[in-house]
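222 is the number that our numbering gives the last residue of the sequence shown; the numbers go up by one with no jumps. Here's the structure we're looking at; comments come further down.
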Amino acid sequence: MLEIGIYVFLLLGIFLIFGSAAYAGLKASPWLPAFKKDMERILKLSGVKEGDVVYDLGSGDGRILIALANNTKARLIVGYEISFLLYLWSVINIWFKGFSKRIEVRFGDFLSRDLGQADVIFCFLTPKGMKKLGPKFKRELRKGTRIISYTFSIPGWEPVSENRIGDQSVPIFTYVID
Ligand SMILES: C[S@@+](CC[C@H](N)C(=O)[O-])C[C@H]1O[C@@H](n2cnc3c(N)ncnc32)[C@H](O)[C@@H]1O
45 MLEIGIYVFL LLGIFLIFGS AAYAGLKASP WLPAFKKDME RILKLSGVKE GDVVYDLGSG
105 DGRILIALAN NTKARLIVGY EISFLLYLWS VINIWFKGFS KRIEVRFGDF LSRDLGQADV
165 IFCFLTPKGM KKLGPKFKRE LRKGTRIISY TFSIPGWEPV SENRIGDQSV PIFTYVID
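And the structure:
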């Protein structure tokens with residue numbers, strides 16, 4: 045009986061880890077971290093001010109969250125992550141780095157959460173994910189909220205800037221809600 049229990053427990057664990065990663069890929073994007081060489085550009089374009097609330101939609105291993113905590117005076121930095129292994133890894137890493145008071149990683153689907161509290165939103169998702177977010181941003185975000193989208197634009201939206209460094213670099217799109 046105990047053996048069956050352990051077997052079921054292991055199966056559930058495997059399903060949670062691989063199933064949630066596959067689900068993320070289907071929903072808005074599989075995991076691929078933003079390039080380290082682009083971090084400075086991302087931070088500069090995000091324009092985070094003292095006291096801001098910043099969201100990373102699909103926070104992966106938490107590298108953007110940690111960079112924001114290290115380099116800005118944001119009051120609260122929130123990451124949403126649906127892949128269980130990445131969620132767990134980032135929570136542990138953030139705790140060891142001593143940022144647990146300013147960074148909150150929330151396990152779940154950002155498409156079903158209200159994003160209205162954010163002053164700045166960062167996202168690195170597929171075009172399919174960006175298409176889903178466009179109408180949600182329109183409904184929920186306040187005037188003046190900045191959106192920094194790495195690599196892919198929001199379909200049908202006009203960015204206030206499209207940042208590239210040379211021909212080979214990844215574009216970063218900035219939007220401000222009016
Ligand atoms: C391309 S990665 C970007 C990771 C991180 N933002 C970075 O730039 O390094 C996209 C992340 O979004 C997560 N994701 C995809 N759809 C999601 C959803 N609906 N809710 C929460 N997380 C999601 C994936 O698991 C993955 O970790």
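A virtual CB, placed ideally from N, CA and C, is assigned to each residue, including glycine.
Query	Result
Would you mind giving the Cβ-Cβ distance between Leu-3 and Ile-61, rounded to the nearest angstrom? I have them listed as a contact below 8 Å.	Shown here, the chain extends from 45 to 222; a query on residue 3 therefore has no answer.
Tell me the rounded alpha-carbon separation between Ile-191 and Ser-127.	23 Å
Give me the residue from Gly-69, Ile-198 and Gly-188 with the minimum Cα distance to Val-97.	Gly-188
I want to check one thing, is the minimum distance from the CB of Arg-119 to the heavy atoms of ligand 1 below 7 Å?	no
On the CB-based measure, 16 or more other CB atoms within 10 Å of its CB, does Ile-223 come out buried or exposed?	Beyond the ends of the chain as shown, which are 45 and 222, falls residue 223; an answer cannot be given.
Tell me where the beta strand (DSSP E) around Val-98 begins and ends.	97-101
Starting from the C-beta of Pro-199, find all residues in its chain whose C-beta is less than 8 Å away, skip the five residues before and the five after it, and write them out in chain order.	Pro-171, Met-174, Lys-175 and Gly-178
Please name the residue, chosen from Arg-208, Ser-193, Gly-123 and Ala-118, that lies closest to Phe-151 on a Cα-to-Cα basis.	Gly-123
Compute the beta-carbon to beta-carbon distance between Lys-180 and Leu-155, rounded to the nearest angstrom, for a pair I have assumed lies under 8 Å.	7 Å
Using DSSP's beta-bridge definition, name the partner residues of Leu-120.	Val-97
Using the beta-carbon count (16 or more within 10 Å), is Asp-100 buried or exposed?	buried
Hey, could you find the ends of the alpha helix (DSSP H) Val-135 is sitting in?	128-140
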